[in-house]
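Under the numbering used here, think of the first position of the sequence shown as 633, with each following residue one higher. Written out below as structure tokens is the structure these notes cover.
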Amino acid sequence: MGKRGPAPRPLTPIQRFTAFRLVYRNGATMQDIADEAEVSRMTIWKWQQREDFAKCYEQEYRNMVQRVRSRWRSKVR
């Protein structure tokens, strides 16, 4: 049994920006982020269901955690 539909396209710059903004919300709501990306909240929700979008989000989240940890370590010392 094969896959359904065509293979997903690579993430667009808007999708990568949205993944970044979901990590770095700074108090922004989902609607605020959707407005910045000029898409609907439903579109963002659909993107979040994509495996490649989820991986991009997770990588950005890990990068953020590393930056916070390194800043914290430099302040503690």
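The beta-carbon is built from N, C-alpha and C at its ideal position, and this holds for glycine as well. Quantities reported herein were computed from a predicted structural model and do not represent experimental measurements.
By the DSSP assignment, the alpha helix (DSSP H) with residue i in it spans what residues?
| i | result |
| --- | --- |
| arginine 653 | 645 to 655 |
| alanine 660 | Alanine 660 -> no alpha helix (DSSP H), and no H or E assigned at all. |
| arginine 716 | Summary: the structure shown does not reach residue 716, with the chain confined to residues 633 through 709, and so no result is reported for it. |
Measuring straight from C-alpha to C-alpha, what distance separates residue i and residue j?
| i | j | result |
| --- | --- | --- |
| leucine 711 | methionine 662 | No answer is possible for residue 711: it lies beyond the span of the chain, which begins at 633 and ends at 709. |
| glutamate 690 | aspartate 684 | 10 Å |
| serine 706 | tyrosine 693 | 20 Å |
| glycine 659 | arginine 636 | 38 Å |
| tryptophan 704 | alanine 686 | 27 Å |
| arginine 673 | proline 645 | 17 Å |
| aspartate 664 | serine 702 | 29 Å |
Residue j and residue i - do their beta-carbons sit closer together than 8 Å?
| i | j | result |
| --- | --- | --- |
| arginine 682 | proline 640 | yes |
Please look up how many angstroms separate the CB atoms of residue i and residue j, rounded, as I've assumed it's under 8 Å.
| i | j | result |
| --- | --- | --- |
| cysteine 688 | arginine 648 | 6 Å |
**Request:** Assess, as a yes-or-no matter, whether the region 698 to 709 is touched by the region 676 to 683 under the definition of 3 or more beta carbon pairs within less than 8 Å.
**Result:** no
**Message:** For the pair the region 661 to 673 and the region 646 to 653, tell me if three or more CB-CB distances fall below 8 Å.
**Reply:** Judged by Cβ distances under 8 Å, the region 661 to 673 makes contact with the region 646 to 653, as three or more pairs qualify.
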